[in-house]
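Numbering-wise (our numbering), the sequence shown opens with residue 183 and increments by one. All residues carry an ideal CB built from backbone N, CA and C; glycine is no exception. Take a look at the structure set out below.
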Amino acid sequence: MKYIESNPKDDGFRMPGEFESHDGCWMLWPERTDNWRNGGKPAQKAFTDVAKAISRYEKVTVGVSAAQYNHARHLLPPQVRVIEISYNDSWVRDCGPTCVINEKGDVRGVDWDFNAWGGLDGGLYFPWDLDDLVAKKICDIENIDVYKAPMVLEGGSVHVDGQGTLITTEECLLNPNRNPNLSKAEIEEVLINFLNIRKIIWLPDGVYLDETNGHVDNLCCFARPGEVILSWTEDKSDPQYARSSAAKEILETTDDAMGRKLKIHCLDQPDPVFISKEESEGVDTAEGTLPRLPGDRLAASYVNFYIANYGIVMPVFGDPHDKDAVEKMKKIFPEREIIPIPAREILLGGGNIHCITQQIPLRKN
């Protein structure tokens, strides 16, 4: 593994859509007692279920601390590779590498700066120094070369169609706790150079009370080129209604990089999910870590799913909307098997299935 002193655009590399073929998927094991309740055991069960489901379609690697290695190896199925690695928490979508590919099938990584969703200005924990090394470590293990991007960015804050279009939110990328010294135009220039995209669709806000400052992967994603899925609600009294409506209006009136009008699939969100007293009391208190308080609303969304090679691993919440969401996903992705995973325990940690996974594109060389 070596760092390359250029950028993907100049070298003919692009970020592929998640629906393109994968070589495999990375995850990181949850164990922080100040974020995951009851010593992380309930979350570990959910992460194991996600890893098992994805491993039906592609290789899965789970990074685990030395203290949890034997336990994780025992819980995870034998087809899942377990590697000892140091990190701060288990959000590999955000601290792991963004991979880019070229026409020959070579894969390289993009290593963004990571500051735990805001650093000392609203960040979710301190320190985050080990997380900031995860992208480099994964690229080293995968034996792929790396570009160092000059910007703070989390993988969950962008989605691409693989054909030149990127969607993101102003709430996140323009938040002064990420890149206060960069203008919107300068941020766009970095995205163009390091993801090789030509069109950026800026949505105003993400999901209501999303502690990541509005990551787009909880709100809207590409199903395939020309088609997006949007988290939706018909309840005008819900704060999410205005956010989703504003996003929908932009998506309806914006062409993609290929000049296409977007087809929009609206996926009704679950009923509001709140932290219970029991769940809150199971989380340790630690200075510098966002507390989990009883009655706090969580940013629940069915859009936060992972697209595997021949399947979709999606969150469900024991909610009346679960069945309809699964059925709609089957219609959107008739070529893939839909696997619903009970994901409340992941949501309690601050994200969901897409947030805890990071794909490595298929390598042809």
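| Query | Result |
| --- | --- |
| Between the Cα of T243 and those of Y251, V389, C207, spot the shortest distance and give me the residue it belongs to. | C207 |
| Could you give the residue range of the beta strand (DSSP E) that holds A331? | 328-334 |
| Tell me the DSSP secondary structure of K286 in three-state form. | coil |
| Just to confirm my understanding: we take E202, look at its own chain, exclude 5 residues before and 5 after, and list those with CB closer than 6 Å. What are they? | G344 |
| Roughly how many angstroms lie between the CA atoms of S413 and T350, to the nearest whole one? | 14 Å |
| Got a sec? Which residues, its chain only, sit under 6 Å from N284 by beta carbon, not counting five neighbours each side? | G194, F195 |
| Considering L210, what are the terminal residues of the beta strand (DSSP E) in which it resides? | 204-210 |
| Apart from the five residues just before and just after I457, which ones in its own chain have a Cβ nearer than 7 Å to its Cβ? | R474, L475, P476, G477, D478, L480, L530 |
| Going by DSSP, what residue range makes up the alpha helix (DSSP H) through S427? | 421-435 |
| Return yes when the Cβ of G291 is within less than 8 Å of the Cβ of I326, no when it is not. | yes |
| Leaving aside the five residues before and after R263 along the sequence, list all residues of the same chain whose C-beta is less than 8 Å from its C-beta, in chain order. | K241, V242, T243, V244 |
| For L472, which of R214, G222, G305 has the nearest alpha-carbon? | G305 |
| Give every residue of the same chain whose Cβ lies closer than 6 Å to the Cβ of Y488, excluding the five residues on either side of it in the sequence, and list them in chain order. | V495, I535, H536, T539 |
| Take every Cβ of the region 262-277, pair it with every Cβ of the region 209-225, and state whether three or more of those distances are shorter than 8 Å. | yes |
| Within 10 Å of its beta-carbon, does M440 have 16 or more other beta-carbons around it, so buried, or fewer, so exposed? | exposed |
| By a C-beta neighbour count over all protein chains shown, 10 Å radius and 16 as the cutoff for buried, is H256 buried or exposed? | exposed |
| Runs of 4 residues minimum, wholly inside the region 347-415: which ones carry the alpha helix (DSSP H) assignment? | 352-355, 366-377 |
| Give me the Cα-Cα distance between H503 and Q422, rounded to the nearest whole angstrom. | 16 Å |
| Does I186 come out as helix, strand or coil in the three-state DSSP assignment? | coil |
| Assign S237 to one of two classes, buried (16 or more other C-beta atoms within 10 Å of its C-beta) or exposed (fewer than that). | buried |
| Just confirm the distance between the C-beta atoms of D205 and I542, as a whole number of angstroms; I'd bet it's less than 8 Å. | 5 Å |
| Based on the DSSP secondary-structure assignment, which residues constitute the bridge partners of P226? | In the sequence as presented, Pro is not what sits at residue 226; that position holds Gln. In DSSP, Q226 forms no bridge with anything. |
| For P407 and M197, what's the separation of their Cα atoms in angstroms? | 13 Å |
| Mapping DSSP to helix, strand and coil, what is D478? | coil |
| Let me confirm a value: S339 is counted as buried when at least 16 other C-beta atoms fall within 10 Å, else exposed. Which label applies? | buried |
| In the structure shown, what three-state DSSP assignment does D488 receive? | The amino acid at residue 488 is misidentified as Asp; the sequence shows Tyr. The answer is strand: DSSP assigns Y488 an E or B state. |
| What residues match up with D450 in a beta bridge as DSSP calls it? | W414 |
| Which residue's Cα is closest to the Cα of K445: A225, E463, E409, D311? | E409 |
| Does the distance from the C-beta atom of E519 to that of Y484 stay below 8 Å? | no |
| In the structure shown, what three-state DSSP assignment does G338 receive? | helix |
| State the CB to CB distance for the pair G470 and F308, rounded to an integer number of angstroms; the pair is presumed to be in contact (CB under 8 Å). | 4 Å |
| From the DSSP output, read off the bridge partner residues of G245. | L210, I265 |
| Tell me, which residues are paired with D295 by DSSP? | V334 |
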